[in-house]
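Here is the structure we will look at, set down as structure tokens.
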Amino acid sequence: MRQSCLRPMLAAVACAMALPALAQEVALVAAPDDGVRVERRYSKVREIVPMEVIDQQAAREYEQVKQEAIARRTLLDDDHPQVRRLREIGIRLLPQTVLWNPRAGRWPWEINVIRAKQVNAFCMPGGKMAVYTGLLDDLKLTDDEVAVVMGHEIAHALEEHARQRAAQAEISNLGANVVSQLTGFGNLGNMDIGSNARMLSLRFSRAEETEADLIGMDIAARAGYDPRAAITLWQKMGKFLQAGDEFTSTHPSGRTRIAVLEAHMKEVLPLYASSMNMPMEKLAPYQPNMANLGGAPVDAGDEDRMRPLKP
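Under mature numbering (1 follows the signal peptide of the UniProt record, and there is no 0), residues -23 to -1, 1 to 288 are what the sequence shown spells out, in order.
Following this line, the structure appears as structure tokens:
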């Protein structure tokens, strides 16, 4: 091999060895002046993959999910009551998103419902959301609880968590071949990020899940949905989450999650009261609908309910 060709490769390998340190570089991101207090940390690693590339891939994958559901006759029609219900909730939630990410005001939002047993929902980058009927039917969600779920999934998209995970997946896959572009955190242009970052296979960190919990609760409260529903939502999830499940490996457990949500409740209740045009002291006690589940157990979760989360 010619020495002139070898030097760039050696330089790339040297950069690759330093990558873990580079990957830790973060910048704090501004948040609304009121509402939930959450430290948003922007990792420069995500700049490797342009947001436009993530949005385009998400749109392709979402269309594939829709087409598969159509073929299986599991995509609910536009006039289905659950579809109308979720889209009406979305109409109230979406105007709040620009406070956290101004780009969201230009996204071509979609909200669909898929008939399936999964107790799950997702919102891909660019505002592509789907909710599975298992989540709605098994947990008997109120509108407030649906708004909290939707707010959580929307927050993942607003905070570009998928972009962060996609960038890390590409670094792991391509290694030194792309490290030379990381100087100054350049990006991968219009390359197809491929199967290394398929949106539905990405797993977010516990810290990202907590961030989505808090921002989602904030968005719901601003839209006029009772943020206290976040507590009953995760109590209900205790019926479905078992220790050792894949879900619990990357999500805070029910008890830990509830503790964090409770700690921030005083920050979002004023938003809810304001949206209802009433003083805080006039808010009615929250009426949970746990009876609809026949006494679903609270998730046992962590032994110490107040143990702080770790990224």
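Ideal Cβ placement from N, Cα and C applies to all residues, glycine included. As the structure is a prediction and not an experimental result, all values here were calculated from the model.
**Distance between S251 and I196 (C-alpha atoms, nearest Å)** = Numbered from 1 along the sequence shown, position 219 holds the residue referred to as residue 196. Numbered from 1 along the sequence shown, position 274 holds the residue referred to as residue 251. Roughly 13 Å separates the two Cα atoms.
**Prompt:** How long is the line joining the alpha carbons of Y109 and Q95, rounded to whole angstroms?
**Reply:** In the sequence shown, residue 109 corresponds to position 132, counting from 1. In the sequence shown, residue 95 corresponds to position 118, counting from 1. Cα-Cα distance, rounded: 6 Å.
**Prompt:** Between which two residues does the beta strand (DSSP E) containing K105 stretch?
**Reply:** Sequence index remark: in the sequence shown, residue 105 carries index 128 (1-based). K105 to Y109 is the span of the beta strand (DSSP E), which, as asked, contains K105.
**Message:** DSSP three-state label for E87, please.
**Reply:** As a working mapping, residue 87 is identified with position 110 in the sequence shown. Correct three-state label for E87: strand.
**Request:** Compute the Euclidean distance between the alpha carbons of T187 and D55, then round it to the nearest angstrom.
**Result:** Within the sequence shown, numbered from 1, the residue matching residue 187 stands at position 210. Within the sequence shown, numbered from 1, the residue matching residue 55 stands at position 78. Distance between the alpha carbons of T187 and D55 is about 32 Å.
**Message:** Using a Cβ-Cβ cutoff of less than 8 Å, which residues in the same chain neighbour A198 once the five nearest sequence positions on both sides are dropped?
**Reply:** In the sequence shown, residue 198 corresponds to position 221, counting from 1. For A198, the CB contacts under 8 Å within the same chain, skipping 5 residues up- and downstream, are G12, P204, V245, L246, L248, Y249 and S252 in chain order.
**Asked** Which whole runs of the beta strand (DSSP E) in the region 30 to 94 are 3 residues long or more, in chain order?
**Response** Counting only runs of at least 3 residues, the region 30 to 94 fully encloses the following beta strand (DSSP E) elements, listed from N- to C-terminal order: 87 to 91.
**Item:** Segment limits, beta strand (DSSP E) that includes M253
**Value:** Position 276 of the sequence shown, counted from the first residue, corresponds to residue 253. From DSSP, M253 is part of no beta strand (DSSP E); its letter is neither H nor E.
**Coil, strand or helix - A98 by DSSP** = On the sequence shown, position 121 is the one that residue 98 refers to. In the structure shown, A98 sits in a strand (DSSP, three-state: E or B).
**Prompt:** Using CA coordinates, which residue listed in A206, L210 and R234 is at the minimum distance from P262?
**Reply:** Walking along the sequence shown from the start, residue 262 turns up at place 285. The shortest C-alpha separation from P262 is found at A206.
**Prompt:** Does the beta carbon of A250 come closer than 9 Å to any beta carbon on chain B?
**Reply:** Given the protein chain composition of this structure (a single chain), no chain B is represented.
**Prompt:** Quick one: what does DSSP say A153 is sitting in, helix, strand or coil?
**Reply:** Residue numbering aside, residue 153 sits at position 176 when the sequence shown is read from its first letter. With a pLDDT of 39 at A153, under the threshold of 50, the modelled position of that residue is not reliable, and the figure given next carries that caveat. The answer is helix: DSSP assigns A153 an H, G or I state.
**Item:** C-alpha gap between T160 and L118, whole angstroms
**Value:** As a working mapping, residue 160 is identified with position 183 in the sequence shown. As a working mapping, residue 118 is identified with position 141 in the sequence shown. Here T160 scores only 40 on pLDDT, less than 50, and its place in the model should not be relied on; the value that follows carries that caveat. Approximately 48 Å between the Cα atoms of the pair.
**Request:** List the endpoints of the continuous alpha helix (DSSP H) containing L118.
**Result:** Residue 118 sits at position 141 when you count from the first residue of the sequence shown. Premise fails: L118 is in no alpha helix (DSSP H) and is neither H nor E.
**Pair within 9 Å by beta-carbon distance, L70 and I131** = Indexing the sequence shown from 1 puts residue 70 at position 93. Indexing the sequence shown from 1 puts residue 131 at position 154. In contact: L70 and I131 (Cβ atoms closer than 9 Å).
**Asked** Which residues in the same chain have their Cβ closer than 7 Å to the Cβ of I66, if we skip the five residues on either side of it in sequence?
**Response** In the sequence shown, counting from the first residue as 1, residue 66 sits at position 89. If we look at I66 and ignore the five residues flanking it on each side, its Cβ neighbours are D120, V123, A124 and M127.
**Message:** Given a cut-off of 9 Å on the beta-carbon distance, is the pair E137 and P102 in contact?
**Reply:** Position 160 of the sequence shown, counting from 1, holds the residue named residue 137. Position 125 of the sequence shown, counting from 1, holds the residue named residue 102. It is a contact, given that the beta carbons lie within the stated cut-off.
**Asked** Taking the C-alpha atoms as reference points, what is the distance between A200 and Q73?
**Response** Position 223 of the sequence shown holds residue 200. Position 96 of the sequence shown holds residue 73. Looking at the two C-alpha atoms, the distance is approximately 7 Å.
**Prompt:** Considering only the beta carbon of each residue, do A81 and A134 sit closer than 9 Å?
**Reply:** Mapped onto the sequence shown, residue 81 falls at position 104. Mapped onto the sequence shown, residue 134 falls at position 157. Yes, the Cβ-Cβ distance between A81 and A134 is below 9 Å.
**Asked** Going by other Cβ atoms of all chains shown within 10 Å of its Cβ, with 16 needed for buried, is A240 buried or exposed?
**Response** Here residue 240 refers to the residue found at position 263 when the sequence shown is read from its first residue. So A240 ends up on the exposed side.
**Prompt:** Apart from the five residues on each side of it in sequence, which residues of its chain come closer than 7 Å, Cβ to Cβ, to C100?
**Reply:** Translated into positions along the sequence shown, residue 100 becomes position 123. Taken in chain order, the residues that qualify are M106, E130, I131, H133 and A134.
**Message:** Between the alpha carbons of A32 and K243, how many angstroms are there, rounded?
**Reply:** Within the sequence shown, the letter at position 55 stands for residue 32. Within the sequence shown, the letter at position 266 stands for residue 243. It should be noted that the sequence gives Asp, not Ala, for residue 32. Distance between the alpha carbons of D32 and K243: 35 Å.
**Request:** Pull up the CB-CB distance for A98 and L112, whole angstroms please, since I reckon it's below 8 Å.
**Result:** On the sequence shown, position 121 is the one that residue 98 refers to. On the sequence shown, position 135 is the one that residue 112 refers to. Rounded, the Cβ-Cβ distance is 6 Å, consistent with contact.
**Message:** Please report the straight-line C-alpha distance between E40 and D190, rounded to a whole angstrom.
**Reply:** Residue mapping note: residue 40 aligns to position 63 of the sequence shown, counting from 1. Residue mapping note: residue 190 aligns to position 213 of the sequence shown, counting from 1. Roughly 27 Å separates the two Cα atoms.
**Item:** Other residues of its chain near N266: CB distance less than 6 Å, five sequence neighbours each side excluded
**Value:** For the purposes of this step, residue 266 is identified with residue 289 of the sequence shown, where counting begins at 1. Here the set comprises T119.
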